[in-house]
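All remarks here apply to the structure that follows.
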Amino acid sequence: MKKLLLIATGGTIASDQGTTGLTPMLDAGALLTHVPRISEMYHVDAVQPVNLDSTNMRPCDWLTIANSIRKYYSAYDGFVVAHGTDTMAYTASALSYLIQLSPKPIVLTGAQKSIVTEDTDARINLYDAFAYAADSGSHGVSIVFDGRVITGTRARKVRTKSRNAFESVDFPNLAMVRDGRIFRYIPTPRPEGPFFSDAIDASVASVKLTPGLGANVLTALRMNLNALVVESFGVGGVPNSDGGMLVDEIKKWREENKIVAVTTQVPYEGSDMGVYEVGRRVLDECGVLESYTMTPETAVVKLMWILGKTREYDEIKRLFYTPVSNDLLMHTGYYE
2 MKKLLLIATG GTIASDQGTT GLTPMLDAGA LLTHVPRISE MYHVDAVQPV NLDSTNMRPC
62 DWLTIANSIR KYYSAYDGFV VAHGTDTMAY TASALSYLIQ LSPKPIVLTG AQKSIVTEDT
122 DARINLYDAF AYAADSGSHG VSIVFDGRVI TGTRARKVRT KSRNAFESVD FPNLAMVRDG
182 RIFRYIPTPR PEGPFFSDAI DASVASVKLT PGLGANVLTA LRMNLNALVV ESFGVGGVPN
242 SDGGMLVDEI KKWREENKIV AVTTQVPYEG SDMGVYEVGR RVLDECGVLE SYTMTPETAV
302 VKLMWILGKT REYDEIKRLF YTPVSNDLLM HTGYYE
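For the sequence shown, our numbering assigns the number 2 to the initial residue and increments by one for each residue that follows.
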């Protein structure tokens, strides 16, 4: 019988109706009582390091969750993290960087409706997550949701209400879970790890370009951040119709040894900043990093992890362009 650890963190899956709306109320043990066959099939223990609406999840909470896994890593065959959907993609990315090359599965799941409601998706998602965590072919960090298994660095929440809330962006689903059976699309060798990190620099944020956005917005952010992810137009366009003030402001980030990474606000197919002058100029003159097919969530979290390790630009650049858990597919060959 596989020995698995449930790490409950709150979220819709554990919520009930309060006086001001849904709020996390159920602890880890209560979640398991709603799906009794899980405890019948596996040896399951449970811990609750935090209890949050995932809107309130912070980088320090990622470290708390990662430390719980690290503390119990040798004692269990796999881990299931019950989490709210709103920031699950961020947490999945964070765990992918904080716990790399894990030979044991670390599976995040949640629900669009509370486990106490009759028409909830919580019970099947939780059961599927345990089935995947117990399977001998599973490893690394992933999200199991609506029968899909998505690698942790590739997930995005794309629907606010439907059961198929998450999609894998620019990378295939790893597997499908049906009736407790695992159907794998991408069998991968078991890695020889894990390798844990225990530091994050939370002074990273993202800004979405809009037509006419002033350089003063980036100036204000520069005063308080160490890195910024710019969600640009199209394949990586940054406007210069303001007399170049926005581009000049991006240059100032590098002059102050701060990092700007450019991604695209388009959901699929990534960036390619060398195509148009409005992207190539920024790439050539401003010392920005290009995110290519990395999701915006993953780009933000990866920079937090990198800046927790180093502030040397060349090392930051090397680590940013080093693929981790299939987070990055570079398609232009610009970076050497």
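Each residue gets a CB set at the ideal place from its N, CA and C atoms; glycine is no exception.
These numbers were taken from a predicted model, which means no experiment stands behind them.
task = Please classify ARG255: does DSSP put it in a helix, a strand, or coil?
result = Numbered from 1 along the sequence shown, position 254 holds the residue referred to as residue 255. Looking at ARG255 - three-state DSSP - the assignment turns out to be helix.
ask   = With burial defined as no fewer than 16 other Cβ atoms inside 10 Å of the residue's Cβ, what is the status of CYS287: buried or exposed?
value = Counting from one through the sequence shown, the residue named residue 287 turns up at place 286. By the neighbour-count rule (16 or more Cβ atoms within 10 Å), CYS287 is buried.
query = From LEU6 to ASN217, what distance separates their C-alpha atoms?
reply = Residue 6 sits at position 5 when you count from the first residue of the sequence shown. Residue 217 sits at position 216 when you count from the first residue of the sequence shown. Cα-Cα distance, rounded: 48 Å.
query = Does DSSP put LEU27 in a helix, in a strand, or in coil?
reply = As a position in the sequence shown, residue 27 is number 26, starting the count at 1. Correct three-state label for LEU27: coil.
inquiry  = Please report the straight-line C-alpha distance between ILE251 and VAL142, rounded to a whole angstrom.
reply    = Start at 1 with the first residue of the sequence shown, and residue 251 comes out as number 250. Start at 1 with the first residue of the sequence shown, and residue 142 comes out as number 141. About 34 Å.
GLU168: first and last residue of the uninterrupted beta strand (DSSP E) it sits in = Taking the first residue of the sequence shown as position 1, residue 168 is located at position 167. Its beta strand (DSSP E) spans residues 167-169.
ask   = Can you tell me the Cα-Cα spacing of VAL236 and VAL159, whole angstroms?
value = Taking the sequence shown and counting its residues from 1, the one referred to as residue 236 is at position 235. Taking the sequence shown and counting its residues from 1, the one referred to as residue 159 is at position 158. Their Cα atoms are separated by approximately 20 Å.
ask   = Name the DSSP bridge partner or partners of LEU290?
value = In the sequence shown, counting from the first residue as 1, residue 290 sits at position 289. According to DSSP, LEU290 bridges with ALA262.
query = From LEU329 to PRO297, what distance separates their C-alpha atoms?
reply = In the sequence shown, the residue the question calls residue 329 occupies position 328. In the sequence shown, the residue the question calls residue 297 occupies position 296. One C-alpha to the other measures close to 12 Å.
ask   = Could you check where the alpha helix (DSSP H) with PRO355 kicks off and where it finishes?
value = Any question about residue 355 goes unanswered here, given that the chain covers just 2 to 337.
key: Span of the beta strand (DSSP E), counted from its first residue to its last, around PRO106   = Position 105 of the sequence shown holds residue 106. Segment 106-110, the beta strand (DSSP E) holding PRO106.
task = Take HIS140 as the anchor and find which of PHE196, ALA67, ARG191 has the nearest alpha-carbon.
result = Here residue 140 corresponds to residue number 139 of the sequence shown, with the count starting at 1. For HIS140, the nearest C-alpha among the options comes from ARG191.
query = When DSSP labels each residue in this structure, what does GLU193 get in the three-state scheme?
reply = Indexing the sequence shown from 1 puts residue 193 at position 192. GLU193 falls in the coil class under three-state DSSP.
Endpoints, alpha helix (DSSP H) assigned at SER94 = Within the sequence shown, the letter at position 93 stands for residue 94. SER94 -> alpha helix (DSSP H) spans 89-99.
ask   = Which residue spans inside the region 101-188 form an unbroken alpha helix (DSSP H) run of at least 4?
value = 123-135
ask   = Hey, out of SER163, THR154, ARG185, GLN266, whose CA is closest to VAL208's CA?
value = As a working mapping, residue 208 is identified with position 207 in the sequence shown. Comparing Cα positions, the closest option is GLN266.
query = Which residues share a DSSP beta bridge with SER233?
reply = Here residue 233 refers to the residue found at position 232 when the sequence shown is read from its first residue. Beta-bridge pairing links SER233 to THR265.
ask   = Going by beta carbon distance, what residues of the same chain come within less than 6 Å of VAL276, once the five residues before and after it are set aside?
value = On the sequence shown, residue 276 is found 275 positions in, with the first residue counted as 1. Closer than 6 Å at Cβ, skipping near neighbours: VAL236.
query = Would ARG179 pass as a contact of GLY148 if the rule is Cβ separation under 9 Å?
reply = Translated into positions along the sequence shown, residue 179 becomes position 178. Translated into positions along the sequence shown, residue 148 becomes position 147. Yes, Cβ-Cβ distance for ARG179 and GLY148 is below 9 Å.
message = Could you give the first and the last residue of the continuous beta strand (DSSP E) run that contains ALA221?
response = Within the sequence shown, residue 221 is the residue found at index 220, counting from 1. Note, ALA221: premise wrong, no beta strand (DSSP E); alpha helix (DSSP H) at 216-223.
message = Quick check: GLY85 and PRO25, are their CB atoms within less than 9 Å of each other?
response = Here residue 85 refers to the residue found at position 84 of the sequence shown. Here residue 25 refers to the residue found at position 24 of the sequence shown. Yes.
request  = Could you give the DSSP three-state label for ASP328: helix, strand or coil?
outcome  = Residue 328 sits at position 327 when you count from the first residue of the sequence shown. Three-state DSSP puts ASP328 in coil, outside helix and strand.
ask   = Where does the unbroken beta strand (DSSP E) through LEU64 begin, and where does it stop?
value = Along the sequence shown, one-based indexing puts residue 64 at 63. It is not in any beta strand (DSSP E) - LEU64 instead sits in the alpha helix (DSSP H) that spans 60-73.
query = Using the C-alpha atoms, what's the distance from VAL302 back to ILE260?
reply = By one-based count along the sequence shown, residue 260 stands at place 259. By one-based count along the sequence shown, residue 302 stands at place 301. About 13 Å.
ask   = Taking Cβ positions, are ALA134 and ASP78 nearer each other than 9 Å?
value = As a first step, residue 134 must be located in the sequence shown, where it is residue number 133. As a first step, residue 78 must be located in the sequence shown, where it is residue number 77. In this structure, ASP78 lies closer than 9 Å to ALA134 by Cβ.
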